[in-house]
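Notes for the one structure printed next.
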Amino acid sequence: MLVTGADRGIGRLLALAFGRAGHTVGVHCRTRRSQAEKVQDELARMGVRSDVFQADVADPGEAQSMIDDARARWGRLDGLVNNAGVTRDRSLLRMSPAEWREVLDVNLSGVFWCLQAAARHMSREKNGFVINIASILGARGGVGCANYAAAKAGVMALTKSAARELGRFNIRVNAVLPGFHLTEMSEQIPPEQRAKVVAEHPLGRTTDPADLGRLVVALAESPTVSGQIFNIDSRGM
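In this text, residue positions in the sequence shown follow this note's numbering: the first is 412, and each later residue adds one.
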């Protein structure tokens with residue numbers, strides 16, 4: 412199975428979780444190959460086979476080539492976790508066309524290109540799972556992140572549509588809203604804003620990364636769940 416954006420943050424966490432569950436893992440990165448190789452080393456220490464794939468998921472040709480390469484190396488492709496993403500936060504009135512396009516290209520179009528490429532192989536095998544990492548911002552919106560929220564809303568709609576289309580091939584497609592984690596991406600948020608996010612949680616705490624990993628792996632291994640959106644924290648959608 413392949414995790415995009417697995418060189419750091421939530422992607423790394425999920426790659427390691429799938430490794431612990433006994434999966435062969437593809438560790439994708441766009442530019443940080445050395446970081447992806449460190450994740451590969453962590454998996455090797457678990458005794459898990461893994462391969463590093465470098466591609467720009469926003470480029471449909473590169474996404475297809477990466478998926479084809481994974482299929483060729485392993486003989487089959489059982490699963491895909493679409494996690495790769497970027498942020499370019501700015502107020503709606505000041506957001507540039509480039510900032511809008513880049514986030515949509517990576518966070519929405521990139522998910523589509525990888526899903527489409529993977530489904531082409533999985534449909535022949537009549538089996539597979541795709542888990543798209545979305546965000547609660549896609550359901551609730553947010554301030555200063557219209558591009559990100561719009562992309563993640565699109566990911567949720569894409570998930571439901573893909574589940575309807577691909578069910579006849581026994582391909583399960585679900586989305587996870589992973590909650591707030593202190594990753595390299597979220598650390599760009601000012602401390603006072605991070606405190607506000609934590610305060611939104613009725614339980615008074617954010618999602619434990621280990622809980623996220625266990626849930627995503629369990630979802631991947633659930634044979635009858637598809638077309639669902641899972642919010643993994645205590646905030647309401």
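Glycine included, every Cβ here is placed at the ideal spot set by N, Cα and C. Just so we're clear, the structure is a prediction, and the values are computed from it rather than from any experiment.
- prompt: Which residues does DSSP pair with Ile582 in a beta bridge?
  reply: Numbered from its first residue, the sequence shown carries residue 582 at position 171. Partner(s): Gly539.
field: Sequence-distant residues of the same chain with beta carbon closer than 7 Å to Ala631, five excluded per side
entry: As a working note, residue 631 is residue 220 in the sequence shown. The beta carbon of Ala631 sits closer than 7 Å to the beta carbons of Gly490, Phe540 and Ile542 from its chain, once the five residues preceding and following it are set aside; these are given in chain order.
- request: Report the option in Tyr559, Asn558, Phe580 and Gly549 whose CA atom is closest to the CA atom of Met567.
  value: Numbered from 1 along the sequence shown, position 156 holds the residue referred to as residue 567. The shortest Cα separation from Met567 among Tyr559, Asn558, Phe580 and Gly549 belongs to Gly549.
Member of Arg501, Thr442, Gln451 and Asn538 whose CA lies at the smallest distance from the CA of Leu424: Locating residue 424 in the sequence shown gives position 13, where the first residue counts as 1. When only C-alpha atoms are compared, the closest one is Gln451.
field: Stretch pair the region 432–446 + the region 462–475: three plus CB contacts closer than 8 Å
entry: As far as the Cβ criterion goes, the region 432–446 touches the region 462–475, which means the pair count is three or higher.
- prompt: Which whole-angstrom value is the C-beta distance of Ile643 and Gly590, which I expect to be below 8 Å?
  reply: What you label residue 643 is simply residue 232 of the sequence shown in a count that begins at 1. What you label residue 590 is simply residue 179 of the sequence shown in a count that begins at 1. The pair is a contact, with the Cβ atoms about 5 Å apart (cut-off 8 Å).
task: Check Gly437 in the structure and name its three-state DSSP category.
output: Residue 437 sits at position 26 when you count from the first residue of the sequence shown. Strand at Gly437.
query: Okay, do the region 497–506 and the region 471–481 touch, 3+ Cβ pairs below 8 Å being the bar?
result: No: fewer than three Cβ pairs fall under 8 Å.
field: Counterpart residues of Leu577 in DSSP-defined beta bridges
entry: Here residue 577 is taken as the residue at index 166 of the sequence shown, counted from 1. Bridge partners of Leu577: none, in fact.
query: First and last residue of the alpha helix (DSSP H) that includes Leu454?
result: Position 43 of the sequence shown, counted from the start, is the residue given in the question as residue 454. Taken as a continuous stretch (DSSP letters only), the alpha helix (DSSP H) holding Leu454 covers Arg444 to Arg456.
Ala426, buried or exposed, once every other Cβ within 10 Å from all chains shown has been counted against 16: Indexing the sequence shown from 1 puts residue 426 at position 15. By the neighbour-count rule (16 or more Cβ atoms within 10 Å), Ala426 is buried.
field: Cα-Cα separation between Trp511 and Arg431, rounded to whole angstroms
entry: Within the sequence shown, the letter at position 100 stands for residue 511. Within the sequence shown, the letter at position 20 stands for residue 431. Roughly 37 Å separates the two Cα atoms.
- request: Kindly confirm or deny that the region 602–619 and the region 569–581 touch, where touching means at least three C-beta pairs closer than 8 Å.
  value: Touching, no, given that fewer than three Cβ pairs across the two stretches are closer than 8 Å.
task: Could you tell me the distance, in whole angstroms, from the CA atom of Val586 to the CA atom of Pro508?
output: As a working mapping, residue 586 is identified with position 175 in the sequence shown. As a working mapping, residue 508 is identified with position 97 in the sequence shown. It should be pointed out that residue 586 corresponds to Ala in this sequence rather than to Val. Near 27 Å, if we compare the C-alpha coordinates of Pro508 and Ala586.
task: May I ask you to report which of helix, strand or coil DSSP gives Gln639?
output: Numbered from its first residue, the sequence shown carries residue 639 at position 228. DSSP places Gln639 in coil when its eight states are reduced to three.
query: Candidates Phe641, Ile544, Ser633 and Ser637: which alpha carbon is nearest Val517's?
result: Residue 517 sits at position 106 when you count from the first residue of the sequence shown. For Val517, the nearest C-alpha among the options comes from Ile544.
field: Inter-residue spacing [alpha-carbon to alpha-carbon] between Phe641 and Leu569
entry: Sequence index remark: in the sequence shown, residue 641 carries index 230 (1-based). Sequence index remark: in the sequence shown, residue 569 carries index 158 (1-based). Phe641 and Leu569: Cα-Cα distance of roughly 14 Å.
- prompt: So, is Thr635 buried or exposed, given that buried needs 16 or more other C-beta atoms within 10 angstroms?
  reply: Counting from one through the sequence shown, the residue named residue 635 turns up at place 224. It counts as exposed.
- request: Pull up the CB-CB distance for Arg583 and Ser637, whole angstroms please, since I reckon it's below 8 Å.
  value: Reading the sequence shown from its first residue, position 172 is the one you call residue 583. Reading the sequence shown from its first residue, position 226 is the one you call residue 637. With 8 Å as the limit, Arg583 and Ser637 qualify as a contact, their Cβ atoms being about 4 Å apart.
field: Local Cβ density within 10 Å of Met457, reported as buried at 16 or more and exposed below that
entry: In the sequence shown, residue 457 corresponds to position 46, counting from 1. With fewer than 16 other Cβ atoms within 10 Å, it is exposed.
- prompt: With respect to the alpha helix (DSSP H) encompassing Asp480, which residues constitute its N-terminal and C-terminal limits?
  reply: Translated into positions along the sequence shown, residue 480 becomes position 69. That run of the alpha helix (DSSP H) goes Pro471 to Trp485.
query: Going by alpha carbons, who is nearest to Lys537 out of Asp622, Gly578, Pro471 and Asn494?
result: The count along the sequence shown starts at 1 and reaches residue 537 at position 126. Of the listed residues, the one whose Cα sits closest to Lys537 is Gly578.
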